[in-house]
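Chain order of the listed sequences is H and L.
Letter 75 of the first sequence, counting from 1, is numbered 995 in our numbering, and no numbers are missing.
Letter 187 of the second sequence, counting from 1, is numbered 1107 in our numbering, and no numbers are missing.
2 protein chains.
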Amino acid sequence: MVEEQKSTEELIFNAALSVFQRKGLAGARMQEIADEAGINKSMLHYYFRSKELLFRQVFLMSFKQFSASIIPLLNQPVSWEEKIPLVAGHYISSMQKNPDLPLFIINELRHHPDEFVNIVTHNGIRDTLFISQLKEGIEKGEIRKIQPIQVMVSIISETVFPFIARPMLMHMTKLLDTNWDTFIENRKEIISEMLIKYLKEF
Amino acid sequence: MVEEQKSTEELIFNAALSVFQRKGLAGARMQEIADEAGINKSMLHYYFRSKELLFRQVFLMSFKQFSASIIPLLNQPVSWEEKIPLVAGHYISSMQKNPDLPLFIINELRHHPDEFVNIVTHNGIRDTLFISQLKEGIEKGEIRKIQPIQVMVSIISETVFPFIARPMLMHMTKLLDTNWDTFIENRKEIISEMLIKYLKEF
DNA sequence: ACATTTGTCAACCAAATGGTTGAACTTAAT
DNA sequence: ATTAAGTTCAACCATTTGGTTGACAAATGT
């Protein structure tokens, strides 16, 4: 077991990542980040100048983390049909690991519309093998005529939304905490089967 | 044209509704609410005691607004098959009218997990005709064996998520602003057809 | 060994922000 | 008309919060 001693800058950044993702820009407190990092508040300014600068870096990293991690999977050399459950599974397990990430991004992107838009590198999912496969399928007449992007949006919506809206949905549906895991487990199959059936049979 | 003169309390509440829904509890400023209401800041405390109390009322109203408005539609006497596009349409037009509402609820419910949970009246969608219709269809073997709640969650996910995550999705998919309206227009049909096909053909 | 740079912190500062007060004004009751 | 209650606001107040300072310690270079 290697005793990993992280630099102060890393300690701060990790703490900032955690606090900002949990509380958002407006709700986060510099003092709380310092406390979670276990260092003096002055250090935050020593390394990152201001709350806004620190937030910028956190946001950039978070956005990359969320949007980039899916790309390799979309480019994997398996058929689009096999890929759909893989992608759905990716998002679901991603949500289980880091449940605050997408809501954080959605929120901050909404609250500062054009501020961060230009910063983020466009690494779209448009140029991936998955999209090409769908396009090809459409051209060959094997898949229903539909924008491939709609398929991606459906997968993301169906997988990510239940997690971010979990408390709201549980109220509305009177779903119980104890049933959540099986609910999600069932969901994986439903999503894939529904999409594949829709695309293939028309 | 009747000159509608609203009471100060109404002016404040409406302004609070707007500001809180846009900025959230942490991001909202009492002064901003006062400005938007066109009255002195003291009035906020005169009528609502504190920021938290004002927020409580705003949140309660917002939650009711979002979760209750769907119930009558779910109880309407049309077949489940016809109802699906109606419900999808309801959520989409609801999002177009008030794009901040669901994200606001999702957020605040997440940030104050148990605080507001008890306040909100459970007016679940479980006891609606729509759910009964699905159950009945399942029993008769006309519909695939699936929890009816999954259907509701799918409709909400597929309709609401694209709106709240719009900036994020537009980045990831390189979708353009000019294509948004047609994207959503296409989506209505896709969602309904996909769900109905999945439920009926198995 | 010495000087210079880098890192760390307690104490402090200024602005923002939720909240209070007391006086003035309006409305309703007697 | 007079009183009492309700309403409105400018000026204040106390706390929170992002940010700074200056002294001091730990490396780093020569």
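For glycine and all other residues, C-beta sits at the position ideal for the given N, C-alpha and C.
In this text the structure is predicted, and so the values were computed from the model without any measurement.
Give the single residue among L:GLN985, L:VAL1007, L:ILE1026 whose Cα lies nearest to the Cα of GLU1090 (chain H). By one-based count along the first sequence, residue 1090 (chain H) stands at place 170. Glu is not the amino acid found at residue 1090 (chain H); the sequence shown has Met there. The shortest Cα separation from MET1090 (chain H) among L:GLN985, L:VAL1007, L:ILE1026 belongs to L:ILE1026.
Worksheet item: Residues of chain L with CB under 7 Å from MET1092 (chain H), in chain order?
Response: Counted from its first residue, the first sequence places residue 1092 (chain H) at position 172. The contacting residues are SER987, GLY1044, ILE1045.
**Beta-carbon spacing of VAL1080 (chain L), MET1015 (chain L) below 9 Å** = Translated into positions along the second sequence, residue 1080 (chain L) becomes position 160. Translated into positions along the second sequence, residue 1015 (chain L) becomes position 95. Cβ atoms of VAL1080 (chain L) and MET1015 (chain L): closer than 9 Å.
C-alpha distance - ILE1076 (chain L) paired with THR928 (chain H), whole-angstrom precision:
Start at 1 with the first residue of the second sequence, and residue 1076 (chain L) comes out as number 156. Start at 1 with the first residue of the first sequence, and residue 928 (chain H) comes out as number 8. Roughly 44 Å between the two C-alpha positions.
What is the rounded straight-line gap between the Cα of GLY944 (chain H) and the Cα of GLU1109 (chain H)? In the first sequence, residue 944 (chain H) corresponds to position 24, counting from 1. In the first sequence, residue 1109 (chain H) corresponds to position 189, counting from 1. Rounded to whole angstroms, GLY944 (chain H) to GLU1109 (chain H) spans 33 Å at the Cα level.
>> Using only the alpha-carbon positions, how far apart do ILE990 (chain H) and GLN1070 (chain L) sit?
In response: Counting from 1 along the first sequence, the entry for residue 990 (chain H) is found at position 70. Counting from 1 along the second sequence, the entry for residue 1070 (chain L) is found at position 150. Computed Cα separation, rounded: 25 Å.
query: Should GLN1053 (chain H) and TRP1100 (chain H) be called a contact, given that it needs their Cβ atoms to be closer than 9 Å?
result: Reading the first sequence from its first residue, position 133 is the one you call residue 1053 (chain H). Reading the first sequence from its first residue, position 180 is the one you call residue 1100 (chain H). No. Outside cutoff.
In the structure shown, what three-state DSSP assignment does GLN1016 (chain H) receive? As a first step, residue 1016 (chain H) is located in the first sequence; it is residue number 96 there, counting from the start. It is helical.
In this structure, how does DSSP classify PHE968 (chain L) when only helix, strand and coil are distinguished?
Mapped onto the second sequence, residue 968 (chain L) falls at position 48. Looking at PHE968 (chain L) - three-state DSSP - the assignment turns out to be helix.
| Just by C-beta distance, which residues in the region 960-975 of chain H are closer than 8 Å to chain L? | none
Expressed to the nearest angstrom, what Euclidean distance is found between the alpha-carbon atoms of ARG942 (chain L) and TYR1118 (chain L)? Stepping through the second sequence from its first residue, residue 942 (chain L) is reached at position 22. Stepping through the second sequence from its first residue, residue 1118 (chain L) is reached at position 198. So the two alpha carbons sit approximately 37 Å from each other.
Query raised in the report: Taking the alpha carbon of GLN996 (chain L) as the point to measure from, which residue in L:LEU1095, L:ASP1047, L:LEU931 has its own alpha carbon closest?
Result: Numbered from its first residue, the second sequence carries residue 996 (chain L) at position 76. Among L:LEU1095, L:ASP1047, L:LEU931, the Cα nearest to that of GLN996 (chain L) belongs to L:ASP1047.
CB contact flag (GLU1121 (chain H), GLU1121 (chain L), <9 Å): The count along the first sequence starts at 1 and reaches residue 1121 (chain H) at position 201. The count along the second sequence starts at 1 and reaches residue 1121 (chain L) at position 201. Yes, these two residues count as a Cβ contact at 9 Å.
Margin query: Rounded to the nearest angstrom, what separates ASN1106 (chain H) and ILE1004 (chain L) at their Cα positions?
Written below: Translated into the one-based positions of the first sequence, residue 1106 (chain H) becomes position 186. Translated into the one-based positions of the second sequence, residue 1004 (chain L) becomes position 84. The alpha-carbon atoms of ASN1106 (chain H) and ILE1004 (chain L) are separated by roughly 21 Å.
### Task
Use the C-beta contact count for PHE968 (chain H): other C-beta atoms within 10 angstroms, 16 or more gives buried, fewer gives exposed.
Within the first sequence, the letter at position 48 stands for residue 968 (chain H). PHE968 (chain H) comes out buried.
*In three-state DSSP terms, what is VAL1073 (chain L)?*
Residue 1073 (chain L) sits at position 153 when you count from the first residue of the second sequence. Here VAL1073 (chain L) sits in helix by DSSP.
Any beta-carbon of chain L closer than 9 Å to the one on PRO1087 (chain H)? Working through the first sequence from its first residue, we reach residue 1087 (chain H) at position 167. Closer than 9 Å: yes.
| request: State buried or exposed for VAL922 (chain L), treating a residue as buried only when at least 16 other CB atoms are found within 10 Å of its CB. | output: Position 2 of the second sequence, counted from the first residue, corresponds to residue 922 (chain L). With a pLDDT of 40 at VAL922 (chain L), under the threshold of 50, the modelled position of this residue cannot be trusted, and the question is left open.
Apart from the five residues on each side of it in sequence, which residues of its chain come closer than 6 Å, Cβ to Cβ, to LEU1023 (chain H)?
Indexing the first sequence from 1 puts residue 1023 (chain H) at position 103. Excluding positions up to five away in sequence, the list reads ILE1084.
Should TYR1011 (chain H) be labelled buried (16 or more other beta-carbon atoms within 10 Å of its own) or exposed?
Counted from its first residue, the first sequence places residue 1011 (chain H) at position 91. It is buried - the Cβ of TYR1011 (chain H) has at least 16 other Cβ atoms within 10 Å.
What does ASN995 (chain H) touch in chain L if you count any residue whose Cβ is under 8 Å from its own? Here residue 995 (chain H) refers to the residue found at position 75 of the first sequence. Those within 8 Å of ASN995 (chain H) in chain L number zero; the least Cβ separation is about 15 Å.
Return the first residue and the last residue of the alpha helix (DSSP H) that LYS1120 (chain L) is part of. Locating residue 1120 (chain L) in the second sequence gives position 200, where the first residue counts as 1. Segment 1100-1120, the alpha helix (DSSP H) holding LYS1120 (chain L).
Would you mind working out which of L:LYS926, L:ARG1064, L:ASN1018 sits nearest VAL939 (chain L), comparing C-alpha positions?
Taking the second sequence and counting its residues from 1, the one referred to as residue 939 (chain L) is at position 19. Nearest option by C-alpha distance: L:ASN1018.
Exercise. Using three-state DSSP, classify ARG1086 (chain L) as helix, strand or coil.
Key: Numbered from its first residue, the second sequence carries residue 1086 (chain L) at position 166. The three-state secondary structure of ARG1086 (chain L), taken from DSSP, is helix.
**Prompt:** How about ASN1018 (chain H): is its C-beta nearer than 9 Å to some C-beta of chain L?
**Reply:** In the first sequence, the residue the question calls residue 1018 (chain H) occupies position 98. So no, ASN1018 (chain H) is outside the interface.
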